[in-house]
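These notes concern the structure reproduced below.
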Amino acid sequence: MRELFPAKQVTGFVASLALTVIALLVYFLDMSFTVGMVVLLLTAFTQAGLQLVVFMHAGESPDSDSIYLNTYYGIFIALAIVFGSLLAMVWGY
Amino acid sequence: MSTEHSTPMEYSTETNALNIIGFWVFIGAEIALFATLFATYFIMEGRIADGPSGGQLFVISTLMIQTFVLLTSSFTIGLGVNAMRLGRKGATLTFLAITLVLGAGFVGVEIYEFYEYVHEGLSLQTSAFSAGLFTLLGTHGAHVSFGLFWGAGIIVQIVKHGFTPRTANKTFIFSLYWHFLDVVWIFIFSFVYLKGMM
Amino acid sequence: MEFFKQFAVPNPTPTIYLSMVAIGLTLIAVLAGITYFKKWGYLWSEWLTTVDHKRIGIMYLISALLMLFRGGVDALMMRAQTSMPGNELLSAAEYNEIFTTHGVVMIFFMAMAFITALMNFVVPLQIGARDVAFPRLNALSFWLYFMGAMLFNLSFVIGGSPSSGWTSYFPLAGNELSPHIGTNYYMIALQIAGLGTLITGINFIVTIFKMRAPGMKLMKMPLFTWSALITNLLITFAFPVLTVALAMGTMDRLFGTHFFTMDNGGMAMLWANFFWVWGHPEVYILVLPAFGIYSEVISTFSKRNLYGYTSMVVAIVVISTLAFLVWVHHFFTMGQGALVNSIFSITTMAIAIPTGIKIFNWLFTMWKGKIQFTVPMLYSLGFIPIFTIGGVTGVMLGIASADYQYHNTMFLVAHFHIVIIPGVVFAMLAGMTYWWPKMFGFMLNEKIGKWAFWNIAIGTCLAFFPMFISGLDGQARRMYTYSEVAGFGIWNLLSFFGALGLAMGFILIVFNVYYSARYATRDIGDDPWDARTLEWATRTPVPEYNFAVTPQVDSREPFWDSKYEGKTLFKEEIKDIHMPNNSGQPFIMAAFFFVAGFGLVFSLWPVVYVAAAGIAVLLFIRSFEQDDGRHIHEQEIRDTENDKRGETR
Chain C
1 MRELFPAKQV TGFVASLALT VIALLVYFLD MSFTVGMVVL LLTAFTQAGL QLVVFMHAGE
61 SPDSDSIYLN TYYGIFIALA IVFGSLLAMV WGY
Chain P
1 MSTEHSTPME YSTETNALNI IGFWVFIGAE IALFATLFAT YFIMEGRIAD GPSGGQLFVI
61 STLMIQTFVL LTSSFTIGLG VNAMRLGRKG ATLTFLAITL VLGAGFVGVE IYEFYEYVHE
121 GLSLQTSAFS AGLFTLLGTH GAHVSFGLFW GAGIIVQIVK HGFTPRTANK TFIFSLYWHF
181 LDVVWIFIFS FVYLKGMM
Chain Y
1 MEFFKQFAVP NPTPTIYLSM VAIGLTLIAV LAGITYFKKW GYLWSEWLTT VDHKRIGIMY
61 LISALLMLFR GGVDALMMRA QTSMPGNELL SAAEYNEIFT THGVVMIFFM AMAFITALMN
121 FVVPLQIGAR DVAFPRLNAL SFWLYFMGAM LFNLSFVIGG SPSSGWTSYF PLAGNELSPH
181 IGTNYYMIAL QIAGLGTLIT GINFIVTIFK MRAPGMKLMK MPLFTWSALI TNLLITFAFP
241 VLTVALAMGT MDRLFGTHFF TMDNGGMAML WANFFWVWGH PEVYILVLPA FGIYSEVIST
301 FSKRNLYGYT SMVVAIVVIS TLAFLVWVHH FFTMGQGALV NSIFSITTMA IAIPTGIKIF
361 NWLFTMWKGK IQFTVPMLYS LGFIPIFTIG GVTGVMLGIA SADYQYHNTM FLVAHFHIVI
421 IPGVVFAMLA GMTYWWPKMF GFMLNEKIGK WAFWNIAIGT CLAFFPMFIS GLDGQARRMY
481 TYSEVAGFGI WNLLSFFGAL GLAMGFILIV FNVYYSARYA TRDIGDDPWD ARTLEWATRT
541 PVPEYNFAVT PQVDSREPFW DSKYEGKTLF KEEIKDIHMP NNSGQPFIMA AFFFVAGFGL
601 VFSLWPVVYV AAAGIAVLLF IRSFEQDDGR HIHEQEIRDT ENDKRGETR
């Protein structure tokens, strides 16, 4: 039975629950918007990285270099789309 | 893990290795797709016209249920892949089934939530905000729903053929898909709901 | 009767009725011809169900040429209409439809198909692979593209063409200002074709990453393969943006949402934003493969290896990131603040640097080379000066403050045609002529080819240089007519003559295909150009398995080294080869997409549901299928290899 619940996965799950609870504090505690956003940015990206490495086994494939490169490029594009569009349509308008 | 040093079955054939890296590239495309939906939502967030805003609608209880259910399902599909690598067919099927039940629960809560929104005067046509919100959540929900059918098909194939390079490959790729949907949800959870309720 | 009224064309003219009759007759003739010659079986088993990258490439090529003529006729009609002030050849409504379909057809269905055609045919051969990574998906890509193109072209005779420009800006493209279903065709046909393109992108990234011949490290890949890799990377990350934008546009039009409307908080400018987030990478998606072709052609016909290989690779990699950071320059005048415009102005000018590096590398490759003035080389030589003028005017447009003067004038139209015709069309024609012997087993006539080149090159300059002047004088684009006192008459008349020259060039190309197919010798060997890269190490015509034995690579120009340095490419013994089976599923699934798309255009929901169910069923069939492909037996390979003029390897 033990082998069905390896420590790596269980730790990952507990960590993701903990990060969720920290993120929820933004709602339950009275934080300023800026502090709240910083907390959310930190928890969300840590959580995403956790999923990528612990659960998605990104590092174990023989092509892990290509996979990481592809993912980094995807993140770069995502940030360019989101912040570029916000810059052009809202902040810098 | 015993599999650290040898190649797991899901990578075992040339086609399988191609499928896995191909799916990673597809996930890259999905990142761009969801980034565009998020960008739309952020730009539309304040454009509520005469309708309600996110802060007035979002409910912490359903959000916590949805998040917990989806995080747990991501954990169980991870356990499913682990069990598959140990060659434990029964355990793999059980974990897959739990994952799908949790996924169905998530979709159920989301449908209930949409129903509530419409009840409170936020339909798809209400405002730019409603269009952006429903499209972002709906696209994620549609992905999860598609995953339910996909996962069910994989369960049938494992029951029929056992673990072969083909079914192992499908199961692993399905797990990538499921974890990715979890990642997207984390961003929805943080930057749609919690940001909106702050 | 009421039901059928929705399918009527809103602005019927004799031309459209004539076209309807012509299309109907052609269709009947084609179907009757296939039946009479009993070719249905051949068509189905050899082409419609094929998963062979070479045949898919050829089908892309044929479709691209057909679309080139459709878009070309649109262009001729536009130039004819504006050739004289106050001309009444076309009405304003027709002119709107024609400039819309010209742009859409040329970009999505001609240029995209043309680069995909050459990538399909050449890339697996250049890297020494048997096929692409996912042959079945490759077929699906083609059929989705083809069905999307057909759906779009159907608008001409059923229901009416879109008329809000190829950019389809909202609010003009919204329900209030474009109440007719034409724009639905735009949204849905592009969605279907775009899905096919996205699948191509993923397929080729994996192919190039994973299926290179042993020894071909990334920095040993031919430049066309490098440019194909980066192009497909751009496709994979840019097309999802278009997918979302089109989906939102469709929802606005069909379900009454408020993404891009003028009320309830909608933001019409957001369409322009997302369109160009996709649209600028799209420019590089088109032009990078062209750069790759020029690199191959210039090196082959200068008899020298490419100058500055590493800097060429660095340049395209830099372009792949900068391409995503410049899109706002397409709408400097939309009202963003000076800060935003300045940022995007700087990135725009920065992207001229890697492009300039490439131009100098080509020039240095030719320096002291033994230049052979073949048709592909002529296109490459013509490209450099004309494209540079186009690029320099691009930097002018990139100056945000000055752009207020140029924006939406004929100056812009001149700029992007002067960039895209030498940058894409010349390259495609060069590539087509260059790889034609590998595709079809005979060469295109050089003399007719040169006549075609000069017509096209001079035609391009004559058609578009006058627009710089009339544009600076204030002629707006997309105006169907102008008054005589404006003084634009002479420039537009010159443009019209240029367009005729281009038309003449393309007619010559068609004639060349016919003439060469009929008279050219088939005895051309495997390497008629004395080329340098692996695709020329295959037999002509290429057998379905490409290489009897996987080549071993240890340099950038392995084939050249095997010819002149005495290196051995093929070291192993011939063994059985594993090949994928043909399948009808991609064609059938794409046909369901066509039906679903047609249903969506006219909001015929039962049709949509049935077709969607068909797609879902096919997905399940595919998932449960146990198809392990087949093997070509060793003896069969030996026979094929020996058949090619009795040579043995």
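Protein chains in written order, with our numbering: chain C, 1 to 93; chain P, 1 to 198; chain Y, 1 to 649.
All residues carry an ideal CB built from backbone N, CA and C; glycine is no exception.
Owing to the predicted nature of the structure, the values given are computational and were not obtained by experimental measurement.
Please state the DSSP three-state secondary structure of Y/ARG630. As a first step, residue 630 of chain Y is located in the third sequence; it is residue number 630 there, counting from the start. Here Y/ARG630 sits in strand by DSSP.
Which residue from Y/PHE383, Y/GLY431, Y/GLY182, Y/TRP435 puts its Cα closest to that of Y/ILE418? Counting from 1 along the third sequence, the entry for residue 418 of chain Y is found at position 418. Closest option to Y/ILE418, Cα to Cα, is Y/PHE383.
Check distances from the C-beta atoms of the region 50-66 of chain P to those of chain Y and list, in chain order, the residues that come in under 9 Å. ASP50, GLY51
Cβ-based neighbour list, P/LEU148, same chain, cut-off 8 Å, excluding 5 preceding and 5 following: As a working note, residue 148 of chain P is residue 148 in the second sequence. For P/LEU148, where only same-chain residues beyond five positions count, the Cβ hits under 8 Å are LEU100, GLY103, ALA104, VAL107.
Residue range of the unbroken alpha helix (DSSP H) whose run includes P/HIS143: If you number the second sequence from 1, residue 143 of chain P lands on position 143. Residues 128-161.
By the three-class DSSP mapping on this structure, what secondary structure does Y/THR183 have? Taking the third sequence and counting its residues from 1, the one referred to as residue 183 of chain Y is at position 183. In the structure shown, Y/THR183 sits in a helix (DSSP, three-state: H, G or I).
Going by the DSSP bridge assignment, what does Y/ALA268 pair with across the sheet? Numbered from 1 along the third sequence, position 268 holds the residue referred to as residue 268 of chain Y. DSSP, once it has assigned bridges, lists no residue as partnering Y/ALA268.
Go ahead and pull the three-state DSSP assignment for Y/ALA8. One-based indexing of the third sequence puts residue 8 of chain Y at position 8. Residue state, collapsed to three classes: coil.
Since P/GLU30 and P/PHE180 are thought to touch, with beta carbons under 8 Å apart, how far apart are those beta carbons, to the nearest angstrom? To locate residue 30 of chain P, count along the second sequence from 1; it is residue 30. To locate residue 180 of chain P, count along the second sequence from 1; it is residue 180. P/GLU30 to P/PHE180, Cβ: 7 Å. Contact.
P/ILE203 touches chain C at which residues, Cβ-Cβ below 7 Å? Past the edges of chain P, shown from 1 to 198, lies residue 203 of chain P, and the structure says nothing about it.
Cβ of Y/LEU270 less than 8 Å from any chain P Cβ? Taking the first residue of the third sequence as position 1, residue 270 of chain Y is located at position 270. For Y/LEU270, the answer is yes, since a Cβ of chain P falls inside 8 Å of its Cβ.
Chain C contact residues for P/VAL25, given Cβ-Cβ distances below 8 Å: If you number the second sequence from 1, residue 25 of chain P lands on position 25. Within 8 Å Cβ-Cβ: ASN70.
Chain-order list of residues whose beta-carbon lies under 6 Å from that of Y/ALA113 (same chain, five-residue window excluded): The residue you call residue 113 of chain Y lines up with position 113 of the third sequence. The answer, listed in chain order, is TYR60, SER63, ALA64.
With 16 as the cutoff for other CB atoms within 10 Å, does Y/SER19 come out buried or exposed? Taking the third sequence and counting its residues from 1, the one referred to as residue 19 of chain Y is at position 19. It is exposed - the Cβ of Y/SER19 has fewer than 16 other Cβ atoms within 10 Å.
Nearest to Y/LEU604 by CA position, among Y/HIS578, Y/ILE181, Y/LEU322, is which residue? Within the third sequence, residue 604 of chain Y is the residue found at index 604, counting from 1. For Y/LEU604, the nearest C-alpha among the options comes from Y/ILE181.
The alpha helix (DSSP H) enclosing Y/HIS578, as first and last residue numbers: Numbered from 1 along the third sequence, position 578 holds the residue referred to as residue 578 of chain Y. Per DSSP, Y/HIS578 belongs to no alpha helix (DSSP H); it is in the beta strand (DSSP E), 577-579.
Assign P/SER2 to one of three DSSP states: helix, strand, or coil. Walking along the second sequence from the start, residue 2 of chain P turns up at place 2. The pLDDT assigned to P/SER2 is 35, lower than 50, so where the model puts this residue is not dependable, and the model offers no usable value.
Starting from the beta carbon of P/ALA32, find every residue of chain C whose beta carbon is closer than 8 Å, and list them in chain order. By 1-based counting over the second sequence, the position of residue 32 of chain P is 32. GLY74, ILE77, ALA78, ILE81, listed in chain order.
Alpha carbon of Y/ALA92 to alpha carbon of C/MET31, nearest angstrom: Locating residue 92 of chain Y in the third sequence gives position 92, counting from the first residue. Locating residue 31 of chain C in the first sequence gives position 31, counting from the first residue. C-alpha separation (whole angstroms): 59 Å.
Within the region 438-502 of chain Y, ranges of the alpha helix (DSSP H) (whole runs, at least 4 residues): 446-472
Test: Y/ASN654 CB closer than 8 Å to a CB of chain C: Since the first residue shown for chain Y is 1 and the last is 649, residue 654 of chain Y is missing from the structure and cannot be characterised.
P/LEU9: contacting residues in chain Y (beta-carbon distance under 7 Å): As a first step, residue 9 of chain P is located in the second sequence; it is residue number 9 there, counting from the start. It should be noted that the sequence gives Met, not Leu, for residue 9 of chain P. Here the premise fails: no neighbours, minimum Cβ distance about 16 Å.
Taking Cβ-Cβ distances shorter than 8 Å, what residues in chain P pair up with Y/ILE202? By one-based count along the third sequence, residue 202 of chain Y stands at place 202. Going along chain P in sequence order, the residues near Y/ILE202 (Cβ under 8 Å) are GLY22, VAL25, PHE26, ALA29.
Rank Y/ILE346, Y/GLU641, Y/GLN635, Y/MET589 by C-alpha distance to the C-alpha of Y/ALA616 and give the top, closest one. To locate residue 616 of chain Y, count along the third sequence from 1; it is residue 616. It is Y/MET589 whose Cα lies nearest to the Cα of Y/ALA616.
DSSP three-state assignment for C/THR11, whether helix, strand or coil: As a first step, residue 11 of chain C must be located in the first sequence, where it is residue number 11. Helix.
Whether or not the region 231-240 of chain Y and the region 196-206 of chain Y are in contact is what I'm after, with contact meaning three or more pairs of Cβ atoms, one per stretch, closer than 8 Å; do they touch? yes
Euclidean distance between Cα positions of Y/THR250 and Y/MET187: The residue you call residue 250 of chain Y lines up with position 250 of the third sequence. The residue you call residue 187 of chain Y lines up with position 187 of the third sequence. If you take the alpha carbons of Y/THR250 and Y/MET187, they lie about 6 Å apart.
Measuring straight from C-alpha to C-alpha, what distance separates P/TYR177 and Y/ALA193? Within the second sequence, the letter at position 177 stands for residue 177 of chain P. Within the third sequence, the letter at position 193 stands for residue 193 of chain Y. Near 24 Å, if we compare the C-alpha coordinates of Y/ALA193 and P/TYR177.
Would you tell me roughly how many angstroms separate the C-alpha atoms of Y/ASP403 and C/ALA88, rounded to the nearest one? Within the third sequence, residue 403 of chain Y is the residue found at index 403, counting from 1. Within the first sequence, residue 88 of chain C is the residue found at index 88, counting from 1. Looking at the two C-alpha atoms, the distance is approximately 17 Å.
Continuous beta strand (DSSP E) assignments of at least 3 residues falling wholly in the region 36-73 of chain P: none
Give the interface partners of C/ALA88 over in chain Y, defined as CB-CB distance under 7 Å, in chain order. In the first sequence, counting from the first residue as 1, residue 88 of chain C sits at position 88. Per Cβ cutoff of 7 Å: ASN273, VAL328, GLN336, VAL340.
Does Y/ALA133 have its Cβ less than 8 Å from a Cβ in chain P? The sequence position of residue 133 of chain Y within the third sequence is 133, counting from 1. True, the Cβ-Cβ gap to chain P drops below 8 Å.
Confirm, please, whether the CB-CB distance from Y/ALA414 to Y/PHE332 is below 8 Å. As a position in the third sequence, residue 332 of chain Y is number 332, starting the count at 1. As a position in the third sequence, residue 414 of chain Y is number 414, starting the count at 1. Cβ distance not < 8 Å, so Y/PHE332 and Y/ALA414 don't count as in contact.
How many Å lie between Y/ARG645 and Y/GLY441 at the Cα? The count along the third sequence starts at 1 and reaches residue 645 of chain Y at position 645. The count along the third sequence starts at 1 and reaches residue 441 of chain Y at position 441. Low confidence applies to Y/ARG645: its pLDDT is 48, below 50, so where it sits in the model is not reliable enough to give any reading.
Relative to the C-alpha of Y/GLY423, which residue among Y/HIS407, Y/GLY391, Y/LEU43 is closest? Translated into positions along the third sequence, residue 423 of chain Y becomes position 423. Ranking Y/HIS407, Y/GLY391, Y/LEU43 by Cα distance to Y/GLY423 puts Y/GLY391 first.
Going along the chain, which residues of its own chain have a beta-carbon closer than 7 Å to the beta-carbon of C/LEU50, five neighbours each way excluded? If you number the first sequence from 1, residue 50 of chain C lands on position 50. Same-chain partners within the cutoff: GLY12, ALA15, SER16.
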